[in-house]
Amino acid sequence: MHYSNPYECAMEFAVNTDRNIFITGKAGTGKTTFLRKFREQTTKQIAVVAPTGVAAINAGGTTIHSFFHLPFTPFTPTPSGRSSLISRIKMNKTRRSVIRELEVLVIDEISMVRADVVDAIDAVLRTIRNRRSEPFGGVQMIFIGDMHQLSPVAKADEWNIVSEYYESVYFFHSHVIKEHPPVYLEFDKIFRQSDNQFIKVLNEVRNNSLSTEGINLLKSRYIPDFNPPTEENYITLTTHNYSADNINSAEMNKLKTSIHKFPAIVKGSFPENAFPVDEILELKEGAKVMFIKNDTETPRRFYNGKIGVITSINNDIVTVECPEDHHEISVSTLTWENIRYSTNQETNVIEEEIIGTFEQIPLRLAWAITIHKSQGLTFDKAVIDAGKAFSPGQVYVALSRCKSLEGIILKSPVIYESISVDEQIVQFSSSKPDEVFINSELENARKQFKNSLLLQLYNFNPIYNAARSWYFATKGEEPSFNEETIPFTDEICKQLEQIDQVAEKFKVQLNRIVSPDNVDTQFLSERLNSSSAYFIEKLETLMDSIKKSPATTDSKANAKEYDESISSIFTDLALKKHLIKATADHFSVEAYYTARNKFKVPDLNIKSYSRGKTSVQLKSKHPDLLNELVQVRNYMSENENLPPYIVASTKTLVQMADYMPETDKDLLKIYGFGKKKLARFGAEFLEVINDYIAENGLQSEMIHFKES
1 MHYSNPYECA MEFAVNTDRN IFITGKAGTG KTTFLRKFRE QTTKQIAVVA
51 PTGVAAINAG GTTIHSFFHL PFTPFTPTPS GRSSLISRIK MNKTRRSVIR
101 ELEVLVIDEI SMVRADVVDA IDAVLRTIRN RRSEPFGGVQ MIFIGDMHQL
151 SPVAKADEWN IVSEYYESVY FFHSHVIKEH PPVYLEFDKI FRQSDNQFIK
201 VLNEVRNNSL STEGINLLKS RYIPDFNPPT EENYITLTTH NYSADNINSA
251 EMNKLKTSIH KFPAIVKGSF PENAFPVDEI LELKEGAKVM FIKNDTETPR
301 RFYNGKIGVI TSINNDIVTV ECPEDHHEIS VSTLTWENIR YSTNQETNVI
351 EEEIIGTFEQ IPLRLAWAIT IHKSQGLTFD KAVIDAGKAF SPGQVYVALS
401 RCKSLEGIIL KSPVIYESIS VDEQIVQFSS SKPDEVFINS ELENARKQFK
451 NSLLLQLYNF NPIYNAARSW YFATKGEEPS FNEETIPFTD EICKQLEQID
501 QVAEKFKVQL NRIVSPDNVD TQFLSERLNS SSAYFIEKLE TLMDSIKKSP
551 ATTDSKANAK EYDESISSIF TDLALKKHLI KATADHFSVE AYYTARNKFK
601 VPDLNIKSYS RGKTSVQLKS KHPDLLNELV QVRNYMSENE NLPPYIVAST
651 KTLVQMADYM PETDKDLLKI YGFGKKKLAR FGAEFLEVIN DYIAENGLQS
701 EMIHFKES
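Counting from 1, one number per residue, gives the positions in the sequence shown under the working numbering.
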């Protein structure tokens, strides 16, 4: 199918491929609408982030730094820089689980994200997901934003640190984007403006190509002494907060009506820098205000950016009259939500969890606001004072807020420096591919995505690697585990290795089948059906083995790591089995995701911590002595408030029981005993051993002892 509508094309890329995409477009082309509809349609595991708290709240996501726990310092894209970053990131199990399950990450307002932050995100995703060779750790990235609008903030001292690594601050000069550029998709249908002459001027401003005609048109809107008539809904756009605050305060003071104060209701976690409006909102009858949230009722009475005048205030009800409406609008408090992402323990599906709310009247004073706060809004009439524009793109943002040229009044002459767009952005914008290329890419990407999902389904290497890591981590703590543990973990790894080896060969066959342009779907289905029986049987056998884990340890920390690792491996295997079974007759992207979203995490009741019970699992030539030693060890650990394995590990206990050391010199040869431990605990153990030898007429076996 050929797509001429970039909106539909973008949705196809987002839903039915795994390609990274950059969605851009002039103000008012529907980027925000796209994000909302994509979230409604996709069955992929998705998270949305943005560079600032307010942008994140508006996008229904979280900030980049809170999601990834990034430090607020520049990132250098070097081996040492990556190591330093990873060492400083402290993530709990829940956040790591979210990142590992993540399939799509949307970064909204990408124009404000620095290049080094994008590389930092890439480094974290590769590391946490253990997919170091894949850009962004295999996560599909969707970047949304207009590079001609607000730019990244780069303080001089921070930029000095990273400038040698980057051509510019913009996201497209990050190393990962330069090496793996996303598909460039531009929405070109403008919903905000219908004035062709005005659209032409805006395009010229975007492209650093303002014509004489365009300059003259802007000059015609320069009216420095203009005072907005009270009855008309003009809003003044300024470059700085203090300018907007001064205008609003002056206008409020002119009103003779009483001030009404509305304190916000803040619950849970909702950072102050993400408050969408003042915590203590001061309003008066007669004040010009702007709605800052879309109406939740149907039909919709107001939208974010709609301007009116307060006609009455009764308790917590504010009534606003808007000139284009026949009826006044009465509004009470609305709620903004601060979310975080977590994984459902039963399904492994990423969910949004509300961790805080902000409840307030959705109004702000609207005689003036900053250009920054106006981003994303639409006005019929605006007075623009952008003479002090301090960042590229501010003038464009201000101009593009308006529906028509006639609705614009320029309070200060627009100088070329404030209009000019960074040449780096102009050059990047010129890289936009044509429609034929995009459709060709889409067709290839759809096929590749389906094939990669299929091959990924039979890729057991990540699970095998996780099992090997589990084995070596357990092996490193061998003394605290019973003797059956290491052989068991080794056997699990061997079974997984066998499955992995067969799967690798099967993937070669699958690759040959799906590579041609015309895939023999019947033959593919036959191969999947016949192979599924083998893999399901092997997986069931392996999962049954895991359920019989014999491991016990007297270390809570080691037990926690062991239990979490084996449960994670078991869940991954159960998911593989579930998906292979569900797609055995027919494989499709839809079938894959439908099955994945129906998956329930199986219950694996593995608890390897067994304080005081370890002796049951241990074997010794002298089991009665071993039991006594365990009891003494546990008594001392409670008395000293220490973990049992610190007093004596299971390996230490078994060696003492087997070889029966009689003296301090003998005990120093036993695993885990040094001079300090001997002085602290040795006497109690030796007393038990010597009593046992005497009572049973035995001799010490230390003559046969060999250190291990």
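For glycine and all other residues, C-beta sits at the position ideal for the given N, C-alpha and C.
- Cα atoms of ALA50 and ASN461: separation of roughly 33 Å, rounded to the nearest angstrom.
- With fewer than 16 other beta carbons inside 10 angstroms of its own, TYR303 counts as exposed.
- Within the stretch 637-676, the runs of alpha helix (DSSP H) that reach at least 4 residues and sit entirely inside it are, in chain order, 644-647, 650-659 and 664-667.
- Under the DSSP assignment, ALA473 falls in the alpha helix (DSSP H) whose first and last residues are 461-476.
- In the DSSP assignment, GLN140 is bridged to VAL104.
- Look at the stretch 30-75 and you find these whole runs of alpha helix (DSSP H), each 4 residues long or longer: 31-41, 53-59 and 64-68.
- The DSSP-derived three-state label of ARG364 is strand.
- Bridge pairing for ASN314: ILE317 [DSSP].
- The shortest CA-to-CA distance from LYS600 to any of ILE606, HIS578, ASP585 and SER608 is the one to HIS578.
- Annotation: the continuous alpha helix (DSSP H) that includes SER374 extends over 371-374.
- CA-to-CA, the gap between ASP490 and LYS373 works out to about 59 Å.
- LEU334 sits away from LYS284, with the two beta carbons spaced by 8 Å or more.
- Spatial neighbours of PHE523 in its own chain (CB-CB distance under 7 Å, excluding positions within 5 residues in sequence) are listed in chain order as ILE513.
- Distance check between ASN246 and each of PRO229, ALA368 and HIS180 places ALA368 closest, using alpha-carbon atoms only.
- Per DSSP, reduced to three states, the secondary structure at VAL383 is strand.
- Taking C-beta atoms under 8 Å as the contact rule, THR357 and GLU337 qualify, at a distance of about 6 Å.
- Judged by beta-carbon spacing, VAL320 lies within the 8 Å limit of VAL309, meaning their Cβ atoms are closer than that value.
- In the three-state scheme derived from DSSP, where H, G and I count as helix and E and B as strand, LEU686 is classed as helix.
- Three or more Cβ pairs closer than 8 Å define a contact, and the stretch 7-16 meets that threshold against the stretch 31-46.
- Per the coordinates, the alpha-carbon of GLU441 lies some 22 Å from the alpha-carbon of HIS173.
- Taking 8 Å as the cut-off, the Cβ atoms of VAL647 and MET656 do not count as close.
- Every beta strand (DSSP E) of 3 residues or more that sits fully in the stretch 170-223 is shown, in chain order, as 183-187.
- In the three-state reduction of the DSSP assignment, GLU526 falls in the helix class, which pools H, G and I.
- Proximity to GLU564 across LYS598, ASN92, LEU237 and ARG132 peaks at ASN92, based on C-alpha coordinates.
- The C-alpha of PHE171 lies about 44 Å from the C-alpha of LYS494.
- Annotation for ILE89: no beta strand (DSSP E) segment contains it, and DSSP assigns it neither H nor E.
- In this structure GLY60 does not touch PHE187 by the C-beta definition: roughly 20 Å separates them, more than the 8 Å allowed.
- The DSSP-derived three-state label of MET543 is helix.
- For the options ILE307, ILE354 and SER332, the alpha carbon positioned closest to that of PRO323 is the one of ILE307.
- Close CB contacts of ALA56 within its chain, under the 6 Å cut and outside five residues either way in sequence, are with ALA50, THR62 and THR63 (chain order).
- Taking all protein chains in view, the Cβ of ALA154 is crowded by 16 or more other Cβ atoms within 10 Å, so the residue is classified as buried.
- With distances taken between CA atoms, GLY53 lies nearest to PHE275 out of LYS256, PHE275, TYR165 and ILE536.
- The closest CA to that of ILE371, considering only TYR396, SER531 and ASP658, is found on TYR396.
- Beta-carbon to beta-carbon, LEU510 and ALA467 are separated by about 23 Å, too far to satisfy the 8 Å threshold.
- Cβ-Cβ distances below 6 Å link LEU125 to PHE136, GLY137 and VAL139 in the same chain, with the five nearest sequence neighbours on each side left out; the list follows chain order.
- When the alpha-carbon of LYS403 is set against those of VAL426, ASP517, LYS548 and LEU202, the nearest one is in LEU202.
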